[in-house]
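First comes the structure, then the notes that go with it.
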Amino acid sequence: MAATYTAQQRAEILRLAQEVGPLEAAKRKGVPPGTVTAWRCLENKRAKLAKRVITNPTGAPNPIRKGPLQELLETKGSISTIPPT
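Using our numbering, you'd call the opening residue of the sequence shown number 7 and step up by one each time.
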C-alpha cells in the first residue's frame with residue numbers, strides 16, 4: 007500500500023529538498039527519492055503556470071487562445087466532413 011503524506015509533511019520535505027537536495031531529503035525523511043523528485047516537478051509546473059497567468063501587463067487573466075477549429079465551431083455550430091449529396 008502506498009504511503010500517504012499530509013500537506014504539512016510534503017511542504018517540510020520539499021523545503022528540506024531545496025536546502026540539501028532531493029536525494030538527501032528523501033533519505034533523511036524516509037521517503038522514496040522518486041516521490042520527492044515528482045513533488046518538486048509538480049511544484050515547478052504549478053509555479054510556471056501561475057507566472058503565466060499573473061504576467062499579463064493589464065493585470066487581467068490571459069485570454070484563452072482559440073485555434074481555427076474552435077473558431078469555426080463557434081461560427082458554424084458544427085462541422086461536417088462529408089459534403090451533403
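Quick reminder that beta carbons are idealized off the backbone N, C-alpha and C, glycines included.
Whole-number beta carbon distance between residue j and residue i, since they are thought to touch under 8 Å
i: Ala31; j: Val42; result: 6 Å
Simplified DSSP assignment, three categories, for residue i
i: Ala8; result: coil
i: Val37; result: coil
Residues near residue i in its chain [Cβ-Cβ closer than 7 Å; skip 5 each side]
i: Ala23; result: Ala31, Val42, Arg46
Distance between residue j and residue i (C-alpha atoms, nearest Å)
i: Tyr11; j: Lys54; result: 24 Å
i: Ala9; j: Leu20; result: 16 Å
Residues near residue i in its chain [Cβ-Cβ closer than 6 Å; skip 5 each side]
i: Leu29; result: Pro39
Own chain, CB closer than 8 Å to residue i, minus 5 neighbours either side, in chain order
i: Arg16; result: Trp45
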